[in-house]
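Student: Numbering (the working numbering), first residue to last: 2 to 398.
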Ligand code: C5P
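This is the structure in structure tokens:
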């Protein structure tokens with residue numbers, strides 16, 4: 002708990018409040034955090050690189066390029082960090098962050114980051130009050146960044162008012178509280194979660210296949226949300242071109258139902274929770290033609306054979322796993338979903354109906370009803386990320 006082993010990327014920009022940063026770095030290090038300091042070129046006028054590198058026990062980065070002809074990778078720095086803290090954040094650096102003006106290593110690193118961002122602004126009285134600053138702070142909040150508000154007091158200009166950077170103890174406590182509450186919400190920590198997603202493609206010949214309109218968005222959202230709850234996720238995906246963000250997701254790409262089946266059973270035994278969100282093709286061509294099939298006759302018949310039902314096989318082999326399936330029905334939806342829950346030996350089934358506008362295949366939103374053997378719960382239309390949170394919330398419960 003706390004800051005122990007947490008990786009903090011500290012961006013120091015060029016304001017007088019930078020003199021307080023030495024104490025902040027000291028405090029972080031005392032609490033066993035790893036701190037990488039990155040300075041804007043102007044910050045060097047206010048605080049010594051040598052002091053900061055001694056306190057943080059790491060070299061300080063400022064420029065893209067080093068003297069020995071190598072470069073500092075903003076991507077590596079951004080991906081290393083668990084959080085980025087910009088303190089002090091000047092009006093100039095704030096404006097560049099909000100508008101993506103990427104003229105130094107600090108901004109390039111900020112723009113490459115996927116981790117939470119904290120901003121501790123520090124400005125003189127009028128600058129902090131200016132509508133431009135207010136608007137930029139609002140935009141930063143809108144991006145999801147957390148502002149550690151400036152405080153009242155004497156300012157470097159001799160004026161008295163709002164604009165002083167929050168004290169190092171306040172900043173340190175804010176970051177510590179963030180990690181404490183994040184760890185508190187890690188309700189799937191230590192759990193292995195297996196998720197299938199996307200369509201499957203069943204080859205007919207070297208150029209054609211049988212597939213479906215599944216986008217994979219629901220399964221990918223479930224994987225991201227499970228990872229946020231601390232789970233170790235294996236995501237087995239059919240052919241879709243979606244990206245994943247979390248470091249805790251091991252993605253395995255497959256094409257056909259048969260390949261998905263084989264991949265699933267490499268991981269199933271070790272899973273605590275398995276969620277089958279893939280739209281697996283029920284049938285595949287009996288034979289895959291070696292050469293492209295020519296259009297000779299007016300009619301063409303393709304013989305199909307049944308694919309393995311991956312979820313049903315998971316139900317049969319179930320030991321400790323909490324098993325969740327999806328149902329997409331066009332008629333007798335609730336009855337079919339409940340029957341499927343029993344027939345496939347599931348613990349939970351998520352029904353999404355094609356009758357609901359903006360729900361189901363391809364859309365960014367979904368509307369679901371969740372059934373267990375002795376409960377049912379309706380949810381309103383929401384983004385697939387929010388639906389993923391609801392489903393995982395029910396699983397955790
Ligand atoms: O029986 P039906 O195909 O409607 O069941 C849908 C559920 O079963 C989904 O969770 C889907 O991922 C899973 N399924 C599967 N293997 C199949 C067909 C469906 O895992 N061959």
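Ideal placement from N, C-alpha and C gives every residue a C-beta, glycine not left out.
Please confirm whether residue 17 and residue 121 have their CB atoms less than 8 Å apart.
Tutor: No; because the gap between Cβ atoms is not below 8 Å, this pair is not in contact.
Student: From which residue to which residue does the beta strand (DSSP E) around residue 351 run?
Tutor: From DSSP, the beta strand (DSSP E) with residue 351 extends over 349-354.
Student: Can the beta-carbon of residue 119 be found closer than 8 Å to that of residue 147?
Tutor: Taking 8 Å as the Cβ cut-off, residue 119 and residue 147 qualify as a contacting pair.
Student: Which residue comes first and which comes last in the beta strand (DSSP E) that contains residue 377?
Tutor: Segment 376-379, the beta strand (DSSP E) holding residue 377.
Student: Would you tell me roughly how many angstroms separate the C-alpha atoms of residue 139 and residue 131, rounded to the nearest one?
Tutor: Those two C-alpha atoms are separated by around 12 Å.
Student: Can you list, in chain order, the residues of its chain whose CB lies under 8 Å from that of residue 259, leaving out five sequence neighbours each side?
Tutor: Closer than 8 Å at Cβ, skipping near neighbours: 285, 308, 309.
Student: Just grab the DSSP bridge partners of residue 306 for me.
Tutor: For residue 306, which the question treats as bridged, DSSP gives the partners 285.
Student: Three or more C-beta pairs closer than 8 Å, one from the segment 204-222 and one from the segment 170-189: is that the case here?
Tutor: Because the criterion of three Cβ pairs below 8 Å is not met, the segment 204-222 and the segment 170-189 do not touch.
Student: Since I believe residue 257 is in contact with residue 201 (beta carbons under 8 Å), could you give me their beta-carbon distance rounded to a whole number of angstroms?
Tutor: Going by Cβ atoms, the distance from residue 201 to residue 257 rounds to 5 Å, so yes, they are a contact pair.
Student: Using only the heavy atoms of the ligand C5P, determine whether one of them is closer than 7 Å to the beta carbon of residue 93.
Tutor: No, the Cβ of residue 93 stays beyond 7 Å of every heavy atom of the ligand C5P.
Student: Pick helix, strand or coil for residue 12, following the three-state DSSP scheme.
Tutor: Reduced to three states, the DSSP call for residue 12 is strand.
Student: Should residue 133 go down as buried or exposed, given a rule of 16 or more other Cβ atoms within 10 Å for buried?
Tutor: Residue 133 should be labelled exposed.
Student: Under the criterion of a Cβ to heavy atom distance below 7 Å, does residue 197 qualify as lining the ligand C5P?
Tutor: Correct: residue 197 has its Cβ closer than 7 Å to the ligand C5P.
Student: Is any heavy atom in the ligand C5P found nearer than 7 Å to the beta carbon of residue 341?
Tutor: Yes, Cβ of residue 341 sits closer than 7 Å to a heavy atom of the ligand C5P.
Student: In three-state DSSP terms, what is residue 298?
Tutor: Correct three-state label for residue 298: coil.
Student: Exposed or buried, residue 104, counting other C-beta atoms within 10 Å across all chains shown (16 or more means buried)?
Tutor: Residue 104 is exposed by the Cβ-count criterion.
Student: Counting only the same chain and skipping the five closest in sequence on each side, list residues whose C-beta sits under 8 Å from that of residue 26.
Tutor: Around residue 26: 11, 36, 38, 53, 56, 57.
Student: Using 10 angstroms around the beta-carbon of residue 274, count the other beta-carbons present and answer buried if the total reaches 16, otherwise exposed.
Tutor: Burial call: buried.
Student: Taking 8 Å as the cut-off, decide whether the C-beta atoms of residue 355 and residue 368 are in contact.
Tutor: No, they are not a contact pair.
Student: Tell me which residues share the same chain as residue 8 and place their Cβ nearer than 7 Å to its Cβ, disregarding the 5 neighbours each side in the sequence.
Tutor: Once the five neighbours on either side are set aside, the close Cβ partners of residue 8 are 35, 81, 82, 83.
Student: With burial defined as no fewer than 16 other Cβ atoms inside 10 Å of the residue's Cβ, what is the status of residue 136: buried or exposed?
Tutor: Label assigned to residue 136: exposed.
Student: When you compare only the Cα positions, how much space is there between residue 191 and residue 234?
Tutor: Distance between the alpha carbons of residue 191 and residue 234 is about 10 Å.
Student: Relative to the C-alpha of residue 276, which candidate in 167, 199, 142 has its C-alpha closest?
Tutor: Of the candidates 167, 199, 142, the one whose C-alpha sits nearest the C-alpha of residue 276 is 199.
Student: Going straight from the alpha carbon of residue 168 to that of residue 102, what length do you get?
Tutor: Their backbone Cα atoms lie some 28 Å apart in a straight line.
Student: Spell out the partners DSSP gives residue 69 in its beta bridges.
Tutor: Per DSSP, none; premise fails for residue 69.
Student: Pick out whichever of 115, 371, 60 has its Cα sitting closest to the Cα of residue 85.
Tutor: Out of 115, 371, 60, 115 has the C-alpha closest to the C-alpha of residue 85.
Student: Under the assumption that residue 205 contacts residue 280 (Cβ atoms under 8 Å), give the Cβ distance between them as a whole number of angstroms.
Tutor: Rounded, the Cβ-Cβ distance is 18 Å, inconsistent with contact.
Student: Are the beta-carbon atoms belonging to residue 141 and residue 99 less than 8 Å from one another?
Tutor: Yes. Within cutoff.
Student: Which value, in whole angstroms, describes the spacing of the CA atoms of residue 126 and residue 3?
Tutor: Cα to Cα, the separation comes out at about 34 Å.
Student: Can you tell me the Cα-Cα spacing of residue 165 and residue 319, whole angstroms?
Tutor: Each residue's alpha carbon lies about 59 Å from the other.
Student: Cα separation between residue 394 and residue 77?
Tutor: Those two C-alpha atoms are separated by around 33 Å.
Student: So, are the CB atoms of residue 345 and residue 313 less than 8 Å apart?
Tutor: In this structure, residue 313 lies closer than 8 Å to residue 345 by Cβ.
Student: Just how far apart, CA to CA, sit residue 63 and residue 111?
Tutor: About 13 Å.
Student: I need the DSSP call for residue 364, collapsed to helix, strand or coil.
Tutor: Coil, per DSSP.
Student: For my contact list, residue 33 and residue 5 are in at a C-beta cut-off of 8 Å; report their separation, rounded to the angstrom.
Tutor: Right, their Cβ atoms sit about 4 Å apart.
Student: Taking its Cβ as the centre, do 16 or more other Cβ atoms sit within 10 Å of residue 41, making it buried, or is it exposed?
Tutor: Buried, because 16 or more other Cβ atoms sit within 10 Å of the Cβ of residue 41.
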